[in-house]
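Residue numbers (our numbering), protein chains in the order written: chain A, 1 to 300; chain B, 301 to 596; chain C, 597 to 1021.
One structure is given here, and the rest of the page talks about it.
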Amino acid sequence: MSTRAVSIGEWLSSRRVAPYLFVAPIIVFGLAFFVGPLLFAAFVSLTDWDGLGHPRWVGLGNYLYLAVTDRFFLKSILNTFYFAFGSVAVGVPAALVTAAIIARSKYQAFWRTVYWLPMVTNIVAIAYIWKFVLADTNGLVNRALGVVGLPEPNWLTSPSISMLSVILVAAWMSLGHNILLFLTGLNNVDQSYYEAAEIDGANAVQLFRHVTIPLLMPTILFVLITSFIAALSSFALMLILTEGGPVRSTTVTGLYLYDMAFTDLRLGRASAAAYVLSAIILTISLVQLRLFRRGGVEAH
Amino acid sequence: MATNRSVRLRLPTIFRYAALSAGAVLMIAPFLDMILGALRTPAEQLAIPQVYWPHTPQWGNFARVFTELPMTRWLTNSIVVTLSITALQIVTSAMAGYALAKYRFAGSRFLLSGVLGAQMFPFFLLIIPIFFLLRFVPLAGGNDQLGAGGNGLLGSYMALILPFAVTWYGVFLMRQFFMSVPDEIIDAARIDGAGEFRIFTSIALPLVRPGLATLGIFVFIYQWNEVIWTMTVTRGAPQLQTLPVGIYLLRGAFADQSTESLQRAAICISVIPIMVVFLLLQRFYIRGLTAGSVKG
Amino acid sequence: MAWLLRRAKGLALFVAAAASAAGPARTQMPITIKVATHYNAKQSAPLLACFSQYEASHPGVRIVHQQVSYRDFLQTTLISRLGGSPVDIYNLYSIWAPQLIGMRALDLPPPDIERFVRSSYKQSTVAAASIGGRLYGIPSAVSVYQLAFNRRLLTAAGVAEPPRTWSELERTAAAITRKNRGGNIVVGGYAYGQSVANVTHVFYAQMYAAGVAPYTPDLRGTNLRSPVAVGILQRQAELFRKGITSNSIQTRDFTGGAVGMTVIANWQKDMLRAAFGPRFEETVGIAPIPTDGPGGTMIYSFFWGVDAASRVKRQAWELLRWLNTARTPGGLSCTGAMLAGMGDLTGNTQDLSAMADRIADPFSRHFLAALNAPGAASQANVWHADEVDRLLKYYIEMAWAGRMSSAAALAEADSEIQAILKEQP
Chain A
1 MSTRAVSIGE WLSSRRVAPY LFVAPIIVFG LAFFVGPLLF AAFVSLTDWD GLGHPRWVGL
61 GNYLYLAVTD RFFLKSILNT FYFAFGSVAV GVPAALVTAA IIARSKYQAF WRTVYWLPMV
121 TNIVAIAYIW KFVLADTNGL VNRALGVVGL PEPNWLTSPS ISMLSVILVA AWMSLGHNIL
181 LFLTGLNNVD QSYYEAAEID GANAVQLFRH VTIPLLMPTI LFVLITSFIA ALSSFALMLI
241 LTEGGPVRST TVTGLYLYDM AFTDLRLGRA SAAAYVLSAI ILTISLVQLR LFRRGGVEAH
Chain B
301 MATNRSVRLR LPTIFRYAAL SAGAVLMIAP FLDMILGALR TPAEQLAIPQ VYWPHTPQWG
361 NFARVFTELP MTRWLTNSIV VTLSITALQI VTSAMAGYAL AKYRFAGSRF LLSGVLGAQM
421 FPFFLLIIPI FFLLRFVPLA GGNDQLGAGG NGLLGSYMAL ILPFAVTWYG VFLMRQFFMS
481 VPDEIIDAAR IDGAGEFRIF TSIALPLVRP GLATLGIFVF IYQWNEVIWT MTVTRGAPQL
541 QTLPVGIYLL RGAFADQSTE SLQRAAICIS VIPIMVVFLL LQRFYIRGLT AGSVKG
Chain C
597 MAWLLRRAKG LALFVAAAAS AAGPARTQMP ITIKVATHYN AKQSAPLLAC FSQYEASHPG
657 VRIVHQQVSY RDFLQTTLIS RLGGSPVDIY NLYSIWAPQL IGMRALDLPP PDIERFVRSS
717 YKQSTVAAAS IGGRLYGIPS AVSVYQLAFN RRLLTAAGVA EPPRTWSELE RTAAAITRKN
777 RGGNIVVGGY AYGQSVANVT HVFYAQMYAA GVAPYTPDLR GTNLRSPVAV GILQRQAELF
837 RKGITSNSIQ TRDFTGGAVG MTVIANWQKD MLRAAFGPRF EETVGIAPIP TDGPGGTMIY
897 SFFWGVDAAS RVKRQAWELL RWLNTARTPG GLSCTGAMLA GMGDLTGNTQ DLSAMADRIA
957 DPFSRHFLAA LNAPGAASQA NVWHADEVDR LLKYYIEMAW AGRMSSAAAL AEADSEIQAI
1017 LKEQP
């Protein structure tokens, strides 16, 4: 049909074939490391399996167990949400205010770097650093409180505030990243808004409330929601910092199912738990997409 | 960037700097606490109340960590694994991102929504199945043609690298970057007779360099700190443990308080070099990051 | 093609192995034996020295030691098995055995090893290494819980003798406990901890001391609802409620002299000796676990086992026998040398007599006496013990934190644990 023979090389780099080659790696990967595993996990969640013998079909038994019999699964989900809400509620406003102050200060690069340090620190180190800093009697925080004569809380050993401590550490850890995102947003804000407001005699707090926040809304939404979703699926910090304790007060679902899978070898039940939590996260993500569209965060 | 006048909160300057400095103390003090902890003697560690400032700093603790723990091996593993993943993810993201941005082909829309959708799945859902997938790879790691008998890929670096060969977020990010490359340049190159791969490598890629840098840095930081997967896979293959996982799994060796200083020294070593590298390089990556989120 | 080649290679290997097994002049193929223990570098030094010695006298044998921390040991063993890369030899806590045997992970010792064990070890340790009447390995460490007390702290608080009953314990602990201005305990009269061993196993020990075993003899039920169990938990929770103890201090703080009394096991001797230095003997005292019952304690044991999937089972058992037999008459075996170094005990009768001079001090004498006292009982090797112990720990802590009554906590624990025990094949 064609007038001259096309070499294989030319055929491969033709406009018709090349795009498929470009996406071939992610398709192969997607099938092997995403679609396949998802299906496999779905199958396992319908069985009773210890990972070695033959899986025994139990239908929806594992899901039923989690919903009805398991006395801690629901609590672990509540813990998960407590952590996610808390870390966002503490971390994002702190980052926003800090970013707003940095944005109008000298030595921006210096401040940014200081607040960025935890981002390049591995989570094992972060957990241990804080384990020592928050220790009841010898920890830096309680030593400092003791010098001033303030009460010294049992940050990590009291079940009523341990999750709060984990939340504070998580917020500390992600502060730099969020500050960076907010700074970028702030630096793109058109300064004429501020000039106009200043002429009207607005003070600092009013400026922040009525100019900065509305203008940054897309970025704020983006940071809020992505942090929330990331927090729902994270458990490494609890694993290392508190091992889920005391009294399971920091056992989030991810951590709960990790032990279920790899210490108790209840792989079916653990897969079911993973699917339940994933379904929750997926639902929230879809709602988020809607919100983004309405909030004008398409660019992100 | 140096000073930004666009946001004018009229707080007193003193208050602003005081607040920033207080914040800075909160950020830095925990790290200093760890360094002090690494320098205490066991006696100072055990004293009641504990001695805070070490009288004779035990700098030797840092050397002891290297002789008593396989720090060098952990460090090597961390570097090999993190760099391999970063390179792989940059390549796969750039290729796929380019195709999704610049071509309409059968299934391209479907693929794009797949990429977006896949991002939403938490990784812990995949831990169990991927673990078994790697274990039953036929003819690898002593396995027979049916995938039984050995440990498949679990005993090799592949187990730590392959599951992270692609980042869905990265594919999407690179697509956004390639969207901003003008079609005219690409079409002009086509008219000049350049093949699609030539256009990709010598025209499109150079234009998204900031995007590649952004992605690379994000991936590097994320993977350098990855713990859950590595910890799971390297239980049966301690020779593959990375720095954070190695330190975590050897916490039993620091069971009593007299050896806590050593543990802290090991932690310092896992933190400080990478911090220095990032401080030295920050001129480059901060620009990439900000560029990335401006038009991300 | 590839698999055909592999088949051929496999066949060749098989033939070679068969030949080497049959031939009198055993042309040894080089093999590697992987050994996993939870002992740290210092503790395992004598063992590692033995490995080198064995390698020297057995050309072609390489021994790799894998140190896995105690808290990760079971999980690491299970994940390695799931991943198809188990080690060849484990030093196992006996309570892990039922779960491992349930997944067919442990090899049965060959007859000569079984004969060796039955003739050279004390009956109680042989029982601990046996599940369902079958022996699964060679006993190693034997530990027993006792009350450790800091004499200086007791004297400073005006107490001359260690407590014998719960009321005495509470009074003594209250007299010792000191808090700082912030309300945190700086010196604790009595300490628990946050690990399963510090919480659950100590609770078991107190149940045994009170004369009630935590589990029924058939290992399918518990006695957690018994008044004795509820009473113990109530007394424990009171210590927390009254601020005599708290989570701010733990068993491990005993080494630093910040704890007046706590329940420990004998293997901590070396660690304590290192921490207290020359003041060890005059400071650290050992006494029976305070109880209102007839008295007693819990014994727990480790044993050497071989993985059922190991490719070098025969050599592994051979190595184990070598490690557990004294080289010189009246001397210590390799395992014995390691255990003696830590201050641990053993069920190996020869080792016990060889380490007699090392365990003649008051510290070890107390533990040895407790081990042989009539009230001392071996920890029950129940199904999924790790899971069960973690569950019970949760409920005990609920009571400590005052979030549940002791009776309600133990009732919940009982019904959840029963459900797990029922799964036992």
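Think of the CB as a built atom: it goes at the ideal place given N, C-alpha and C, for glycine as much as any other residue.
No experiment lies behind these values; they were computed from the predicted model shown.
In the DSSP assignment, find the beta strand (DSSP E) that holds R658(C) and state where it starts and stops.
-> In the third sequence, counting from the first residue as 1, residue 658(C) sits at position 62. It spans V657 to Q663 - the beta strand (DSSP E) in which R658(C) sits, taken as one unbroken run.
For a contact meaning CB atoms closer than 8 angstroms, what does L454(B) contact in chain C?
-> Against the second sequence, residue 454(B) aligns to sequence position 154. G679, G680 and S681, listed in chain order.
Is there at least one Cβ from chain C nearer than 7 angstroms to N361(B)'s Cβ?
-> Counted from its first residue, the second sequence places residue 361(B) at position 61. Chain C contact via Cβ: absent.
Going along the region 845-865 of chain C in order, which residues come within less than 7 angstroms of chain B, judged by CB to CB distance?
-> Per Cβ criterion, the list reads R848, T851, G852, G853 and A854.
For F315(B), count neighbouring C-beta atoms within 10 Å of its own C-beta (all shown protein chains included) and say buried if the count is 16 or more, exposed if not.
-> As a working mapping, residue 315(B) is identified with position 15 in the second sequence. Classification for F315(B): exposed.
Return the Cβ separation of R986(C) and V792(C) in integer angstroms, given the expectation that the two are a contact with Cβ distance under 8 angstroms.
-> Position 390 of the third sequence, counting from 1, holds the residue named residue 986(C). Position 196 of the third sequence, counting from 1, holds the residue named residue 792(C). For a cut-off of 8 angstroms, the C-beta gap from R986(C) to V792(C) is around 6 angstroms, short enough to register as a contact.
Can you list, in chain order, the residues of the region 156-183 of chain A whose Cβ is nearer than 9 angstroms to any Cβ on chain C?
-> Taking 9 angstroms as the Cβ-Cβ cut-off against chain C, the residues of the region 156-183 of chain A that qualify are L156, T157, S158, P159 and S160.
The region 191-222 of chain A: which residues have C-beta closer than 9 angstroms to a C-beta of chain C, in chain order?
-> In summary, no residue of the region 191-222 of chain A has a CB separated from any CB of chain C by less than 9 angstroms.
Candidates F72(A), Y128(A), T251(A) and R143(A): which alpha carbon is nearest F267(B)'s?
-> Nothing can be reported for residue 267(B): it is not among the residues displayed for chain B, which extend from 301 to 596.
7 angstroms Cβ cutoff, E834(C) in contact with chain F | In the structure shown, chain F does not exist; the protein chains are A, B and C.
Please report the Cβ distance between M803(C) and A825(C), rounded to the nearest whole angstrom; I am assuming they are in contact, meaning their Cβ atoms lie under 8 angstroms.
-> Taking the third sequence and counting its residues from 1, one reaches residue 803(C) at position 207. Taking the third sequence and counting its residues from 1, one reaches residue 825(C) at position 229. 6 angstroms between Cβ atoms; contact.
Cβ-Cβ separation, I885(C) to Y741(C) (assumed contact under 8 angstroms), whole Å | Stepping through the third sequence from its first residue, residue 741(C) is reached at position 145. Stepping through the third sequence from its first residue, residue 885(C) is reached at position 289. The pair is a contact, with the Cβ atoms about 7 angstroms apart (cut-off 8 angstroms).
Proximity winner among L239(A), I126(A), N122(A) and L140(A), relative to E526(B) (alpha-carbon distances) = Within the second sequence, numbered from 1, the residue matching residue 526(B) stands at position 226. Residue N122(A) is the option with its Cα nearest to E526(B).
Give me the Cα-Cα distance between V722(C) and R711(C), rounded to the nearest whole angstrom.
-> Numbered from 1 along the third sequence, position 126 holds the residue referred to as residue 722(C). Numbered from 1 along the third sequence, position 115 holds the residue referred to as residue 711(C). Approximately 11 angstroms, taken between the alpha carbons.
When you compare each of A806(C), L749(C) and N776(C) to T761(C) by their alpha carbons, which one comes out closest?
-> The sequence position of residue 761(C) within the third sequence is 165, counting from 1. Of A806(C), L749(C) and N776(C), the residue nearest in Cα terms is A806(C).
Which residues in the same chain as T534(B) place their Cβ atom closer than 7 angstroms to its Cβ, once the five residues preceding and following it in sequence are excluded?
-> Along the second sequence, read from residue 1 onward, the residue named residue 534(B) stands at position 234. Answer for T534(B): L540, Q541 and V545, listed in chain order.
Would you say the region 162-170 of chain A touches the region 78-92 of chain A, given that touching needs at least three Cβ pairs under 8 angstroms?
-> Result yes; three or more Cβ-Cβ pairs closer than 8 angstroms.
Whole beta strand (DSSP E) runs in the region 534-578 of chain B with 3 or more residues, listed along the chain?
-> Here no run is fully enclosed.
Listed in chain order, which residues of the region 751-769 of chain C have Cβ atoms closer than 8 angstroms to some Cβ of chain B?
-> For chain B, none of the residues of the region 751-769 of chain C brings a beta carbon within less than 8 angstroms of one of its beta carbons.
Can you grab the Cα-Cα spacing for the pair F362(B) / A566(B), in whole Å?
-> If you number the second sequence from 1, residue 362(B) lands on position 62. If you number the second sequence from 1, residue 566(B) lands on position 266. Those two C-alpha atoms are separated by around 7 angstroms.
Limits of the unbroken alpha helix (DSSP H) element including T113(A) = Here residue 113(A) refers to the residue found at position 113 of the first sequence. That run of the alpha helix (DSSP H) goes Q108 to W116.
Could you check the C-alpha separation between G779(C) and N154(A) for me, to the nearest Å?
-> The residue given as residue 779(C) occupies position 183 in the third sequence. The residue given as residue 154(A) occupies position 154 in the first sequence. Answer to the nearest angstrom: the Cα atoms are 10 angstroms apart.
Cβ-based neighbour list, R56(A), same chain, cut-off 8 angstroms, excluding 5 preceding and 5 following | Taking the first sequence and counting its residues from 1, the one referred to as residue 56(A) is at position 56. Within the same chain, Cβ atoms closer than 8 angstroms to the Cβ of R56(A) are found at T47, D48 and W49, the five residues on either side in sequence being excluded.
In chain C, which residues lie with their C-beta within 7 angstroms of the C-beta of E368(B)?
-> As a position in the second sequence, residue 368(B) is number 68, starting the count at 1. Per Cβ cutoff of 7 angstroms: A637.
Could one say the Cβ of G998(C) lies closer than 7 angstroms to chain A's Cβ atoms, at least one of them?
-> Mapped onto the third sequence, residue 998(C) falls at position 402. Closer than 7 angstroms: no.
Neighbourhood of A94(A) by C-beta, 7 angstroms cutoff - its chain only, sequence neighbours within 5 removed | For the purposes of this step, residue 94(A) is taken as the residue at position 94 of the first sequence. Result list for A94(A): A171 and L175, in chain order.
Check the Cβ-Cβ distances between N259(B) and every residue of chain C, and say whether any is below 7 angstroms.
-> Nothing about residue 259(B) can be reported from this structure: the residues present for chain B run from 301 to 596 only.
Determine the closest residue to G679(C) out of V481(B), R551(B), G511(B) and I430(B), with distance taken between C-alpha atoms.
-> Here the question's residue 679(C) lines up with position 83 in the third sequence. That would be I430(B), whose Cα lies nearest to the Cα of G679(C).
Is there contact here, the region 987-997 of chain C with the region 694-714 of chain C, by at least three beta-carbon pairs under 8 angstroms?
-> No, because fewer than three Cβ pairs between the region 987-997 of chain C and the region 694-714 of chain C fall closer than 8 angstroms, the two stretches do not touch.
Answer yes or no: does any C-beta atom of chain B fall closer than 7 angstroms to that of T283(A)?
-> Along the first sequence, read from residue 1 onward, the residue named residue 283(A) stands at position 283. For T283(A), the answer is no, since every Cβ of chain B falls outside 7 angstroms of its Cβ.
Other residues of its chain near L439(B): CB distance less than 7 angstroms, five sequence neighbours each side excluded | For this step, residue 439(B) is matched to residue 139 along the second sequence. Around L439(B): Q445.
Taking only the alpha-carbon atoms, compute the straight-line gap between T851(C) and A338(B) and give it to the nearest angstrom.
-> As a position in the third sequence, residue 851(C) is number 255, starting the count at 1. As a position in the second sequence, residue 338(B) is number 38, starting the count at 1. Spanning the two alpha carbons is a distance of roughly 19 angstroms.
Taking 8 angstroms as the threshold, find out whether the region 514-526 of chain B comes into contact with the region 468-481 of chain B through three or more Cβ pairs.
-> A contact exists between the region 514-526 of chain B and the region 468-481 of chain B.
Option in A125(A), W11(A) and R290(A) with minimal Cα separation from C568(B) | Translated into positions along the second sequence, residue 568(B) becomes position 268. Minimum Cα distance to C568(B) is reached at A125(A).
Between the region 780-800 of chain C and chain A, which residues of the former have CB atoms less than 8 angstroms from a CB of the latter, in chain order?
-> From the region 780-800 of chain C, only N780, I781, V782 and Q790 have a Cβ closer than 8 angstroms to chain A.
Hey, W863(C) and D940(C) are a contact pair by Cβ (cut 8 angstroms); roughly how many whole angstroms apart?
-> By 1-based counting over the third sequence, the position of residue 863(C) is 267. By 1-based counting over the third sequence, the position of residue 940(C) is 344. That pair is a contact at about 4 angstroms.
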